[in-house]
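Contents: one structure, followed by commentary.
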Amino acid sequence: MVTYGTGLIQTWRNPPRKIKAGDVIWTPPSVKHWHGATSTTAMTHIAIQEKLNGKSVEWLEKVSDKEYDEAQSASE
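Residues in the sequence shown are numbered consecutively from -1, following this note's numbering.
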């Protein structure tokens, strides 16, 4: 749940979308995704996850500046 600000979320091979305070986001298990603040506002959120096969989170590669900029532009 987004608690403050405006952010972006993007699941693998889908367009990015803006998220804002009050939005509840659910991503199914094992779906590759990223989320973060926009370039002009901070964003805070509460994340709840359940362990799957003994792991609660699998961190993948970082979002590149190019990917972030493209997501920022596409969501405006």
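Ideal Cβ positions, reconstructed from N, Cα and C, are used throughout, including at glycine.
- Fully enclosed beta strand (DSSP E) runs of no fewer than 3 residues occupy 31 to 35 and 41 to 43 of the region 21 to 55, in order along the chain.
- For Lys64, the secondary structure class from DSSP, reduced to helix, strand or coil, is helix.
- Nearest neighbour of Thr38 by Cα position, chosen from Tyr66, Met(-1) and Gln8, turns out to be Tyr66.
- Check the Cα spacing between Val61 and each of Lys16, Gln70 and Ile46: the tightest is with Gln70.
- Per the C-alpha coordinates, the member of Gln47, Lys64, Leu50 and Ile17 positioned closest to Gly5 is Ile17.
- In terms of Cβ geometry, Leu50 and Pro13 do not form a close pair [threshold 9 Å].
- Excluding five sequence positions before and after Gly3, the CB atoms of its chain that fall closer than 7 Å to its own CB belong to Ala19, Ala35, Thr39, Ala40, Met41 and Thr42, given in chain order.
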